[in-house]
Amino acid sequence: MSEPDNKTTVPVRRQFTAPPEGEGEAAAELRKYAEWRANGGELTPEQQRRAADHLERTAVELGGPIPARFKHLQYVNKARGQR
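Going by the UniProt record's numbering, the sequence shown opens with residue 1, and the numbers climb by one from there.
This is how it looks when you write it as structure tokens:
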């Protein structure tokens, strides 16, 4: 006969919590989607600001025009491969 399993099971509600080393990628995406849905599919002002900033930085890194607020940053030249 096999010995009884004395391990406790993890309740379903705890399976999706962040692992000890930080939030998992899938959990982060799920949380972002849940927040987005909670706002009726609209981005919050903070999310809009982050999205606009990300798009602007990506455009600079790909060689687009450099906005005045980025001209002092060293990463612009590094992103374009210049030193």
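The C-beta atom is built at its ideal place from N, Cα and C for all residues, glycine as well. Since this is a predicted model, take the numbers as computed values, not measurements.
Cα-Cα separation between residue i and residue j, rounded to whole angstroms
i           : j     : result
residue 112 : Pro65 : As displayed, the chain neither begins before 1 nor continues past 83, which places residue 112 out of reach and without an answer.
Arg57       : Ala68 : 12 Å
Leu43       : Glu61 : 25 Å
Lys32       : Ala38 : 10 Å
Ala28       : Ala34 : 10 Å
Glu25       : Gly40 : 23 Å
Ala51       : Ala59 : 12 Å
Task: Those runs of the alpha helix (DSSP H) which lie wholly inside the region 19 to 53 and span at least 4 residues - done: Runs of alpha helix (DSSP H) with 4 or more residues, each lying fully within the region 19 to 53, are found at 25 to 38, listed in chain order.
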